[in-house]
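Here numbering that gives the first Met the number 0 is used: the first residue of the sequence shown is 0, the next is one more, and so on. Here a beta-carbon is modelled for each residue, glycine too, at the ideal position from N, C-alpha and C.
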Amino acid sequence: MILRTSAYEPVKQMSNEIQKQMMRIIVLENEDNAILAVKILVDHSKITRTHLIPEVSVMLQHFKQWIKCMCTTLSRPHTFDTVDLTRPTVQLPEEAMIEAYLQKCYYVQPALLYSPNGTLDTLYNLIPRASQSLKAFQDIPMLVIFLYQHHKAGVQSEAMEFLLCCLDFLSIQILDEQKADDKYNKALADEFYTAQSKCWPI
């Protein structure tokens, strides 16, 4: 609803707060919510110019951390393996199990959890955190460019640091041995290649 009403005057008056909330969602939420928040943030920024330099600066620092962590993770062997979360090896309480799964969740996938009575019968669709999602990351480089154009003087150093991290991200390659592995997750690899291609315009 916020996305579709951004041009209306009452919504324009709240644009400053809406943009702050969208930045918060992008940093803290899951893949789906972050992707929607990016669209809302860009839409509102096109209509209403705001001066949110401290907030933009903090968000760019988060993006820099994301890409550094992503570079470390993607450089490890087995990152592009398919992970089966429908056969848990240990019985943990539901919340502990979800937290453990989210540590290594890079794409939406089904996860089977133990119910409170101890039976393995609760099936969820696990959505990765935005900070671990290659799909969410695909929207970040263009968002950084957009925010830099709006807040150039105030976020120059953060934007340059992000750019340098993008160069590291672009240098990552999936090894032939990984591609030949039976567990190789081609869909995740495709998300990775798309994310790399979205870094090129920077």
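With a CB to CB cut of under 7 Å and the five nearest residues on each side skipped, what residues in its chain are close to residue i?
| i | result |
| --- | --- |
| residue 120 | 114 |
| residue 145 | 41 and 44 |
To the nearest angstrom, report how far apart residue i and residue j are at their CA atoms.
| i | j | result |
| --- | --- | --- |
| residue 141 | residue 169 | 15 Å |
| residue 163 | residue 73 | 17 Å |
| residue 34 | residue 133 | 11 Å |
| residue 17 | residue 174 | 43 Å |
| residue 45 | residue 148 | 11 Å |
| residue 118 | residue 98 | 19 Å |
| residue 94 | residue 86 | 16 Å |
Tell me which residues share the same chain as residue i and place their Cβ nearer than 8 Å to its Cβ, disregarding the 5 neighbours each side in the sequence.
| i | result |
| --- | --- |
| residue 32 | 24 and 129 |
| residue 100 | 84, 110 and 125 |
Tell me whether the beta-carbon of residue i lies closer than 7 Å to the beta-carbon of residue j.
| i | j | result |
| --- | --- | --- |
| residue 137 | residue 193 | yes |
| residue 111 | residue 125 | no |
| residue 143 | residue 55 | no |
| residue 131 | residue 106 | no |
In three-state terms, what does DSSP make of residue i?
| i | result |
| --- | --- |
| residue 72 | helix |
| residue 51 | coil |
| residue 92 | coil |
| residue 195 | helix |
Going by beta carbon distance, what residues of the same chain come within less than 6 Å of residue i, once the five residues before and after it are set aside?
| i | result |
| --- | --- |
| residue 91 | none |
| residue 212 | Nothing in the structure corresponds to residue 212, since the chain is present only between 0 and 201. |
| residue 127 | 30, 104 and 105 |
| residue 191 | 133 |
* **the region 24 to 39 touching the region 154 to 173, judged by at least three CB pairs closer than 8 Å** => no
* Asked: Contact between the region 178 to 189 and the region 77 to 85: three or more CB pairs below 8 Å?
  -> In short, these stretches touch, since the Cβ pair count reaches three.
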